[in-house]
Amino acid sequence: GENVEQHPSTLSVQEGDSAVIKCTYSDSASNYFPWYKQELGKRPQLIIDIRSNVGEKKDQRIAVTLNKTAKHFSLHITETQPEDSAVYFCAASFGFGNEKLTFGTGTRLTIIP
Amino acid sequence: GAVVSQHPSWVICKSGTSVKIECRSLDFQATTMFWYRQFPKQSLMLMATSNEGSKATYEQGVEKDKFLINHASLTLSTLTVTSAHPEDSSFYICSAMGGRATDTQYFGPGTRLTVL
């Protein structure tokens, strides 16, 4: 089955700086890659996703890049703010018809004021 | 849109009892729902995939007789933890998909189960 690795496990960033979280996946058939943000004791919330026919996607301060050849994708958060502090999970699935998500191990992001 | 609710948000039960957790899609019809388990400071582990009107598909290592899943309608799936034991204590989260139009999963708020 699919295996998703995520790095780093913890990340501390000064407020206003950028944060980058990286994930690699094992199955080249995966074609849907969402990122979720989870605050303590709360539900995971989808913040951005990308499909395999796209190399990059941006939504305000958040961007995701995908390199299908290398089988890795990254989350970029610019101009970080204290409310960005949370655990971030990447995931991968085969998309329509087999939407089971395999999650990465998570990154605890702390924004230092 | 795409709101998923779970009930209860937390439950404490005695060892040996059964607990039922409900997952509802409030503003869309969910043909597929997923049940996850999350231990403290760990990732989400998929337990089973639930399709409306059919039997759930369990992940390897998940006991289907212990974790009973029923997806009786397009807006409701239930997870029953039977004969619960302290090692079943965890955060259980469901997610729902809105059918063919999307492969995005929307998560419920989770249920914290504590078995004494």
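Taken in sequence, the protein lines are chains A and B. One point on numbering: in this note's numbering, the residue at position 7 of the first sequence is 21, and numbering is uninterrupted. One point on numbering: in this note's numbering, the residue at position 7 of the second sequence is 11, and numbering is uninterrupted. Cβ coordinates follow ideal geometry from the N, Cα and C atoms, glycine included.
For this session: Identify, in the order they occur along the chain, each residue of the same chain with its Cβ nearer than 7 Å to the Cβ of His86/A, setting aside the five sequence neighbours on each side.
Result: Lys36, Cys37, Thr38
Exercise. If we cut at 8 Å on Cβ distances, does Leu30/B have a partner in chain A?
Worked result: no
For this session: Would you check if there are 3 or more beta carbon pairs closer than 8 Å linking the stretch 100-108 of chain A to the stretch 45-65 of chain A?
Result: yes
Problem set entry | Among Thr121/A, Ile125/A, Ile126/A, the one whose alpha carbon lies nearest that of His21/A | Thr121/A
Exercise. So the beta strand (DSSP E) Leu50/B belongs to, where does it begin and stop?
Worked result: 48-55
Problem set entry | Identity of the residue in Lys72/A, Gly109/A, Gly30/A, His90/A nearest Pro96/A by Cα | Gly30/A
Exercise. Comparing alpha-carbon positions, which option in Ile25/B, Gln109/B, Phe43/B lies nearest Ala100/B?
Worked result: Gln109/B
Exercise. For Tyr46/A, which residues in chain B fall below 7 Å Cβ to Cβ?
Worked result: Asp107
Exercise. So is Ser77/B buried or exposed if we call it buried at 16+ other beta carbons inside 10 Å?
Worked result: exposed
Problem set entry | Residues that DSSP places opposite Thr124/A in a beta bridge | Ser26/A
For this session: Using three-state DSSP, classify Glu67/B as helix, strand or coil.
Result: coil
Exercise. If we count Cβ pairs, one from each stretch, closer than 8 Å, do we get three or more for the stretch 19-28 of chain B versus the stretch 87-99 of chain B?
Worked result: yes
Problem set entry | 8 Å contact criterion, which Thr115/B and Trp39/B should meet: CB distance rounded | With 8 Å as the limit, Thr115/B and Trp39/B do not qualify as a contact, their Cβ atoms being about 10 Å apart.
Problem set entry | Terminal residues of the beta strand (DSSP E) in which Phe95/B lies | 94-101
Exercise. Which chain A residues are close to Met51/B, counting only those with a beta carbon under 8 Å from its beta carbon?
Worked result: Here the premise fails: no neighbours, minimum Cβ distance about 11 Å.
For this session: Output, in chain order, the set of chain A residues within a Cβ distance shorter than 7 Å of Met101/B.
Result: Glu113
Exercise. In chain B, which residues lie with their C-beta within 9 Å of the C-beta of Thr24/A?
Worked result: Going along chain B, no residue has its Cβ under 9 Å from Thr24/A, so there is no contact; the nearest lies around 11 Å.
For this session: Return the bridge partner residues of Val78/A from the DSSP annotation.
Result: Lys71/A, Leu89/A
Exercise. Does Thr82/B come within less than 8 Å of chain A when only Cβ atoms are used?
Worked result: no
Problem set entry | Beta-carbon neighbours of Gly57/B, restricted to chain A and to distances below 8 Å | Correct list: empty, because the minimum Cβ distance to chain A is about 17 Å.
For this session: Whole angstroms is fine: what's the gap from Ile126/A's alpha carbon to Lys45/B's?
Result: 20 Å
For this session: Give the secondary structure of Asp63/A by DSSP, where H, G and I count as helix, E and B as strand, and everything else as coil.
Result: strand
Problem set entry | Segment limits, beta strand (DSSP E) that includes Arg28/B | 23-29
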